[in-house]
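Participant: Counting from 1, one number per residue, gives the positions in the sequence shown under the working numbering.
Using N, Cα and C, we set each Cβ at its ideal position, and we do this for glycine too.
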Amino acid sequence: MALDPTLLDILACPEDKGPLLYFAADGFLYNPRLKRKYRIEDDVPVMLIDEAQKLSDAEHDTVMKRAATEGIRLNFS
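Below, the structure is given as structure tokens:
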């Protein structure tokens, strides 16, 4: 199940308060500025800085290429 669009409109990174990329098929939100990936468990985003996964430069590049290919955009600007 996808995140509710109203929830997605207000979700922001808990550290920099900026917008996120939403990868619905894989169940995660991504902050490209901090290279931080937030998982979604049982349709609930886990927006805890300590639980976020820090991506390497190579992983970041892969995620960003995928976002561009699939037309995934930041949830707000």
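Taking Cβ to Cβ, would you say N75 is nearer than 7 Å to L3?
Facilitator: The residue given as residue 75 occupies position 75 in the sequence shown. The residue given as residue 3 occupies position 3 in the sequence shown. Not closer than 7 Å, so no.
Participant: Which residue comes first and which comes last in the alpha helix (DSSP H) that contains K37?
Facilitator: Position 37 of the sequence shown holds residue 37. Looking at the DSSP string, K37 is not in any alpha helix (DSSP H); the run it does join, the beta strand (DSSP E), is 36 to 41.
Participant: What distance in whole Å lies between the Cβ atoms of Y38 and P45, which are believed to be in contact at a cut-off of 8 Å?
Facilitator: As a working mapping, residue 45 is identified with position 45 in the sequence shown. As a working mapping, residue 38 is identified with position 38 in the sequence shown. At roughly 6 Å, the Cβ-Cβ gap stays under 8 Å, so P45 and Y38 are in contact.
Participant: For I10, is the classification buried or exposed, using 16 other Cβ atoms within 10 angstroms of its Cβ as the cut-off for buried?
Facilitator: Translated into the one-based positions of the sequence shown, residue 10 becomes position 10. It counts as exposed.
Participant: Give every residue of the same chain whose Cβ lies closer than 6 Å to the Cβ of M47, excluding the five residues on either side of it in the sequence, and list them in chain order.
Facilitator: Counting from 1 along the sequence shown, the entry for residue 47 is found at position 47. Here the set comprises P14, Y38.
Participant: Looking only at its own chain, which residues have a Cβ that is under 8 Å from the Cβ of D16, when we skip the five neighbours before and after it?
Facilitator: Residue 16 sits at position 16 when you count from the first residue of the sequence shown. Result list for D16: N31, R33, L34, in chain order.
Participant: If you draw a straight line from the C-alpha of E41 to the C-alpha of G27, how long is it?
Facilitator: Residue mapping note: residue 41 aligns to position 41 of the sequence shown, counting from 1. Residue mapping note: residue 27 aligns to position 27 of the sequence shown, counting from 1. So the two alpha carbons sit approximately 8 Å from each other.
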